[in-house]
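Enquirer: Quick note: the sequence shown uses the UniProt record's numbering, first residue 1, plus one each step. The C-beta atom is built at its ideal place from N, Cα and C for all residues, glycine as well. Let me begin by handing over the structure; questions about it come next.
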Amino acid sequence: MSLPRLWNISQELEFDPFRALRRQMENALQGSPSPSIGAGAPAISVAETKDAFEVTAELPGVDDKDIKVNLDGNQLVISGEKKEESTKDEKDWHVEERSYGSFYRSMSLPFEPEAGAVEAHFDKGVLHLAIKKPARAVKTTKTIDIKTGAPPSANPAPNKAAAPGKAA
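The following block contains the structure:
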């Protein structure tokens with residue numbers, strides 16, 4: 001015997017506090033599972049250090065002049081186009097092949113970077129981005145001293161109520 005459900009599926013999704021987070025993670029993880037670029041999204045890796053985010057995007061076969069990196073508020077966008085042409089002359093054949101594909105990847109940063117805070121390098125098919133955190137976004141750790149003994153009383157001793165019938 002199964003127990004009755006308190007909510008139907010649509011109600012569960014409506015009241016799921018993690019639904020937005022789950023959707024955001026799914027969007028971040030979507031993209032082509034292989035590192036090849038076609039009409040889709042390049043594979044990326046994101047790492048956070050104390051003062052920056054480091055993003056790498058795999059863009060094999062893409063020329064650096066065909067890559068665009070934009071920052072719109074806190075939205076980082078990597079886009080571009082892969083163009084590939086090949087010609088083969090073998091025996092009695094002449095083969096020419098062309099392939100084109102655009103790619104697009106965006107992610108929301110937890111802060112809005114300041115002007116000049118993004119540095120980009122492209123090396124051997126991998127785009128490396130370093131996004132410096134603004135000073136207000138850098139977390140600092142403060143050490144709290146621990147004192148021995150009981151804490152001082154925050155509330156003074158309660159006033160003794162006057163005896164009934166007597167004036168104070």
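With a threshold of 16 other CB atoms inside 10 Å of the CB of Pro110, please say whether the residue is buried or exposed.
Expert: Here residue 110 refers to the residue found at position 110 when the sequence shown is read from its first residue. It is exposed - the Cβ of Pro110 has fewer than 16 other Cβ atoms within 10 Å.
Enquirer: Do Pro60 and Arg105 have their beta-carbon atoms positioned less than 8 Å apart in this structure?
Expert: In the sequence shown, the residue the question calls residue 105 occupies position 105. In the sequence shown, the residue the question calls residue 60 occupies position 60. Not a contact, by the Cβ cut-off of 8 Å.
Enquirer: Identify whether Lys132 lies in helix, strand or coil by the three-state DSSP scheme.
Expert: The sequence position of residue 132 within the sequence shown is 132, counting from 1. In this structure, Lys132 counts as strand in the three-state DSSP scheme.
Enquirer: Between the alpha carbons of Val138 and Gln75, how many angstroms are there, rounded?
Expert: Your numbering for residue 138 matches position 138 in the sequence shown. Your numbering for residue 75 matches position 75 in the sequence shown. Each residue's Cα considered, the two are about 18 Å apart.
Enquirer: Alpha carbon to alpha carbon, what distance is there between Val126 and Lys50?
Expert: In the sequence shown, counting from the first residue as 1, residue 50 sits at position 50. In the sequence shown, counting from the first residue as 1, residue 126 sits at position 126. Taking the straight line joining both Cα atoms gives about 23 Å.
Enquirer: Using CA coordinates, which residue listed in Glu112, Glu54, Thr141 is at the minimum distance from Glu119?
Expert: The residue you call residue 119 lines up with position 119 of the sequence shown. Nearest C-alpha to Glu119: Glu54.
Enquirer: With a cut-off of 8 Å on the beta carbons, I'd call Asp64 and Lys83 a contact; round off their distance for me.
Expert: One-based indexing of the sequence shown puts residue 64 at position 64. One-based indexing of the sequence shown puts residue 83 at position 83. That belief does not hold up - the Cβ atoms of Asp64 and Lys83 are roughly 13 Å apart, past 8 Å.
Enquirer: State the DSSP-derived secondary structure class of Pro65, mapped to helix, strand or coil.
Expert: In the sequence shown, counting from the first residue as 1, residue 65 sits at position 65. According to the sequence displayed, residue 65 carries Lys and not Pro. Correct three-state label for Lys65: helix.
Enquirer: Nearest CA to the CA of Ile78: which residue from Phe122, Arg136, Ile144?
Expert: Here the question's residue 78 lines up with position 78 in the sequence shown. Residue Phe122 is the option with its Cα nearest to Ile78.
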